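Contents: one structure, followed by commentary.
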Amino acid sequence: MVRKCPGAVGEQDNVGWTPLHYAANYGVEEVVKLFLTNDKSSAYKNDKTGMSSFHLASKKRRGWDNGEAQHILSRLM
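Each residue of the sequence shown is one higher than the one before, starting from 1 at the first, in UniProt numbering.
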């Protein structure tokens, strides 16, 4: 997706989520890194409820390994 349509990284769906929101929500660090390398501005986009990818990752981190959570959250800051 990133190679064929790099602009898609910043596009928002009907609830305002970007691909980065989904990657952060599911805790996929390598995908978070890939999306941020391609489009850092997507980290600052909020969904329709005002949540950024950082907010989603912060909420979901409870079930993650601490090291994994720290890496993801630091990439989103």
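Just so you know, even glycine gets a beta-carbon here, dropped at the ideal spot from N, CA and C. The structure displayed is predicted, hence computed values, not measured ones.
Close beta carbons around residue i, own chain, < 6 Å, minus the five adjacent residues each side
{"i": "S52", "result": "N46"}
Cα-Cα separation, residue i to residue j
{"i": "V28", "j": "F35", "result": "11 Å"}
{"i": "L20", "j": "R3", "result": "15 Å"}
{"i": "T18", "j": "G7", "result": "11 Å"}
{"i": "S41", "j": "H55", "result": "15 Å"}
{"i": "G10", "j": "D39", "result": "7 Å"}
Chain C within 8 Å of residue i, Cβ atoms only
{"i": "Y44", "result": "The chain inventory of the structure shown lacks chain C, comprising one protein chain alone."}
Under 8 Å between C-beta atoms of residue i and residue j
{"i": "A23", "j": "V32", "result": "yes"}
Three-state secondary structure assigned by DSSP to residue i
{"i": "V28", "result": "coil"}
{"i": "G50", "result": "coil"}
{"i": "R75", "result": "helix"}
{"i": "N38", "result": "helix"}
Residues near residue i in its chain [Cβ-Cβ closer than 7 Å; skip 5 each side]
{"i": "residue 78", "result": "The structure shown does not extend to residue 78, since the chain spans only 1 to 77, so no value can be given for it."}
Contacting residues, own chain, Cβ-Cβ under 8 Å from residue i (five flanking each side not counted)
{"i": "Y44", "result": "S52"}
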